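>
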Amino acid sequence: MTGCSSQPIDDQTSAAGQKELPKDVISVTRPLIGGQLYDEASFEGTTLTSFESSQELQILDTSDVIFTKVRVLKEEKEYTGFIPKAILPE
């Protein structure tokens, strides 16, 4: 017999107990190296924050040839910006 529950599942948590990704997130990954999060898809952009290789990144958009739009959660603050695709695993 499998266990069933009549309790509602929180919209942020799946039935398996894993936290669901926000609807705008394509995937989650960690960078190969630390780097800078820029406010635009350019190395000339303003640095919003830095991140380490252990930092989890939420991938939001991969349509740019050189940059990927990501969300970084750091010190209980959320940053959204761009990082070079070259530092992400394939």
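At position 68 of the sequence shown (counting the first as 1) the number is 68 in UniProt numbering, and the numbers step up by one without a gap. We treat Cβ as the ideally placed atom computed from N, Cα and C, and that holds for glycine. From a predicted model like this one, the values you see are computed outputs, not experimental measurements.
1. Taking its Cβ as the centre, do 16 or more other Cβ atoms sit within 10 Å of Phe43, making it buried, or is it exposed?
2. Are there 16 or more other CB atoms within 10 angstroms of the CB of Pro31, so buried, or fewer, so exposed?
3. Just list the residues that DSSP pairs Leu66 with in beta bridges.
4. Rounded to a whole number of angstroms, what is the C-alpha to C-alpha distance between Ile9 and Glu56?
5. Can you list, in chain order, the residues of its chain with a C-beta nearer than 7 Å to that of Val72? Leave out the 5 residues immediately preceding and following it.
6. State the Cα-Cα distance for the pair Ser63 and Gly35, rounded to the nearest angstrom.
7. So Ser53 and Ile33 are in contact, right, with Cβ under 8 Å, and what is the actual spacing, rounded?
With the given structure in hand:
1. So Phe43 counts as exposed.
2. By the 10 Å Cβ count, Pro31 comes out buried.
3. The sequence shown places Ile at residue 66, not Leu. Answer by DSSP bridge pairing: none, since Ile66 is not bridged.
4. For Ile9, the pLDDT reaches just 40, beneath the cut-off of 50, and the residue's location in the model is therefore unreliable, although a value from the coordinates is still provided. Going from the Cα of Ile9 to the Cα of Glu56 covers about 25 Å.
5. Excluding positions up to five away in sequence, the list reads Leu37, Thr49, Phe51, Gln55, Leu57 and Tyr79.
6. If I take the Cα positions, the gap works out to 20 Å.
7. The beta-carbon separation of Ser53 and Ile33, rounded to 5 Å, stays under the 8 Å limit for a contact.
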